[in-house]
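Residue numbers (this note's numbering), protein chains in the order written: chain R, 3 to 335; chain G, 3 to 335.
Just so you know, even glycine gets a beta-carbon here, dropped at the ideal spot from N, CA and C.
This report concerns only the one structure given below.
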DNA sequence: ACGCTCGAGTGAAACGTTTCACTTCATTCC
DNA sequence: GGAATGAAGTGAAACGTTTCACTCGAGCGT
């Protein structure tokens, strides 16, 4: 069995309480005693048992973060932001990947609650989850990431997707494009609908008729392969568009591949814009113009909000933070 | 405060022990009693406190997985494999991202040991780590991922990189290439050195002189940007190579971009091969030929090995599993 | 009617910490 | 000189489980 604080106490010739003090408030114990205890810890290879500590303290210094898909660079950056602020405040982050499966999300929520994490950051699979509501009801602070709670009874951090669509739209229109394809994922995804709405607003704002300018291509998933197939199909049919605005960079990468493989020059024959500004966007065969979301900041702010709520559960007021996206111009437009 | 097993016991009118039995060995308690207890649990919103459970049980049903970089699809797949087998055996996985910083790795090892995880899967930042050795000495089973322990005193799972380099080399030679650039990361990375060694073996095996066929381009990092820059430089100088073999797909993506931006046709003017077969490889502007590693299987086997060791610490014998890579041919060659 | 076995449930000890009221002893103050 | 103060350390209770030796009856065969 691993040595306990008691073994350390015996070896150092002090009481258990003193060892605990050395561990938690070193300044409360005299220099020489501390040295002895530290030596004993070292000799025995003692490692504190955090289960016991937590049980007694009643609270853990850790947060849960449940993301939809760790393969997605967006969430990777969010996680980075969360870890940044959490670890700087001495919190550990338990990272969970729901893989967009409600069942996995439920299991992780259960585990996190059993571990008595201080709070949970989550991008839920479904708009509302019974288990998540229960967690909140029982008093665990929760922050929604890249989602908003219509009932506004918890904090959330998201990005203004309408503004992002508008940014892209205004830019493409300013470049003189009169026929724009919008490669969307399933319209059920709020992000897709919002980005299209922004695009339409931009076109309308320029005095054009969105219905004749925009050609919506709805695809079944936001993946490169799908973008490629959808673009090939569009090219084969009529396809007199001069620009493609894609609901995310993966789709855009697929469209780029379709363009290259059919001998179209980018941006001369076809301008391409992505969304998200993932790392690969800058390194694509033709570096992609895109809409950047302040992903790391999203994570940071979400974590800050959560910890703020943990520290002041009484005075805390829920906030809905909304970030503004940013236009990134590269060679594909 | 959250309700405890005791509150449940009172409410259901049974003893604490019975509630515990309902939770852990439901078959040991009579149907009707069980129903009452379950009802009480539901009404109170009871959630078991895993700190207490672990403290008492002395052992947790969780594993630690420390990877170098969650942004790297390789590790993402490994994690998937680990989670697959862990969760099917009722274990939870604590996912940690060392970001190639020894300091972070150390912190995570500390946290995992404090949590008394059953075992640790790790791709260490440095070849040897004091803290990792200590962990092992204290009896926590450990499995190395994508690394080998020269002293063979723990299990490891890796892929034969020499074989992978050879696969690529033989293929390129069979295509008639007589001048091949090898874009390597820092030679200090074993993978890079091994892949080059394999390439040289293949060239030699074909009766050619590796020194005159192979042009080694050592780069400071395995990133797309770096590959782009290195390739531009190579093109500017002499650059009479007809094929580029890259130590990983990111580098290859960069080389592809350089080729496209300088008007070279791929594969006619320059054939490009990557390594890893990440998801983006298939969806690049020109789909990349690559060497595929059975990443998910690596994770699965590593987890299996670890759990095997956890279950039979006495009889367990350390194994060094070595997977064979596979050639994937696409349009870039 | 007797001893047995068996299923169902009980109660208390134990896990390794943290915390807090308390003791000791030396120093300071008037 | 005696009380007051403060620093250093002590010891035991408490946290919420799991586990195990135990009790209590009911049902069984003879």
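Between the alpha carbons of residue 213 (chain G) and residue 288 (chain R) lies a gap of roughly 34 Å. With respect to the C-alpha of residue 150 (chain G), the residue from G:141, G:133, G:129 and G:136 having the closest C-alpha is G:129.
A straight line joining the alpha-carbon of residue 135 (chain R) with that of residue 321 (chain R) spans about 18 Å.
In the three-state scheme derived from DSSP, where H, G and I count as helix and E and B as strand, residue 48 (chain G) is classed as coil. When DSSP states are grouped into helix, strand and coil, residue 210 (chain G) belongs to the coil group. Rounded to the nearest whole angstrom, the C-alpha separation of residue 222 (chain G) and residue 194 (chain G) is 12 Å. The shortest CA-to-CA distance from residue 66 (chain R) to any of R:108, R:48, R:75 and R:50 is the one to R:108.
Put simply, the backbone Cα of residue 264 (chain G) is about 37 Å away from that of residue 103 (chain G). Residue 121 (chain R) is outside the set of residues whose beta carbon lies under 7 Å from a beta carbon in chain G. The three-state secondary structure of residue 154 (chain R), taken from DSSP, is coil. Non-local C-beta neighbours of residue 334 (chain G) in its own chain, meaning closer than 6 Å and more than five positions away in sequence, comprise 268, 269, 274, 288, 290 and 291, ordered along the chain.
Contact annotation for residue 187 (chain R) against chain G: no contact, minimum CB-CB distance about 16 Å [criterion: below 9 Å].
In the three-state scheme derived from DSSP, where H, G and I count as helix and E and B as strand, residue 85 (chain G) is classed as helix. Unbroken alpha helix (DSSP H) stretches of 4 residues or longer found wholly inside the region 95–171 of chain R: 104–116 and 132–139, given in chain order. With three or more CB-CB distances shorter than 8 Å, the region 46–56 of chain R counts as touching the region 4–19 of chain R. Of the residues assessed, residue 177 (chain R) falls on the exposed side of the cut-off, its CB having fewer than 16 other CB atoms within 10 angstroms. Beta-bridge partners assigned by DSSP to residue 275 (chain R): R:247 and R:291. Inter-segment contact for the region 111–121 of chain G and the region 159–173 of chain G is absent: fewer than three beta-carbon pairs are separated by less than 8 Å.
By the criterion of at least three beta-carbon pairs nearer than 8 Å, the region 272–286 of chain G is in contact with the region 215–232 of chain R.
According to the DSSP secondary-structure assignment, residue 216 (chain G) is paired through a beta bridge with G:182.
Taking one beta carbon from each stretch, the region 22–40 of chain R and the region 75–93 of chain R have fewer than 3 pairs nearer than 8 Å; the two do not touch. Leaving aside the five residues that flank residue 72 (chain R) on each side, the residues in its chain whose CB is nearer than 7 Å to its CB run, in chain order, 78 and 99. Distances from the CA of residue 62 (chain R) to each of R:3, R:253 and R:142 were compared; the closest alpha carbon is that of R:142.
Of all residues in the region 99–120 of chain G, those with a C-beta nearer than 7 Å to a C-beta of chain R are 113, 115, 116, 117 and 118, reading in chain order. Rounded to the nearest whole angstrom, the C-alpha separation of residue 318 (chain R) and residue 127 (chain R) is 26 Å. Judged by DSSP in its simplified three-state form, residue 24 (chain G) adopts helix. If you check the CB distance, residue 294 (chain R) and residue 330 (chain R) come in under 7 Å.
For chain G, the residues of the region 26–54 of chain R that bring a beta carbon within less than 9 Å of one of its beta carbons are 47, 49, 50, 51, 52, 53 and 54, in chain order. The C-beta of residue 65 (chain G) comes no closer than 7 Å to any C-beta of chain R. In this structure residue 17 (chain R) is exposed. Its beta-carbon is surrounded by fewer than 16 other beta-carbon atoms within 10 angstroms. DSSP, reduced to helix, strand and coil, places residue 239 (chain G) outside both helices and strands of the structure shown, so it counts as coil. With respect to chain G, the C-beta atom of residue 254 (chain R) has no partner C-beta closer than 7 Å.
If you draw a straight line from the Cα of residue 328 (chain G) to the Cα of residue 203 (chain R), it comes to about 49 Å. Residue contact with chain R for residue 226 (chain G): present (Cβ-Cβ distance below 7 Å to some residue of chain R).
Counting only residues of its own chain and dropping the five nearest sequence neighbours on each side, residue 296 (chain G) has a CB closer than 7 Å to the CB of 325. R:148 is the residue among R:148, R:131, R:19 and R:26 whose C-alpha sits nearest the C-alpha of residue 196 (chain R).
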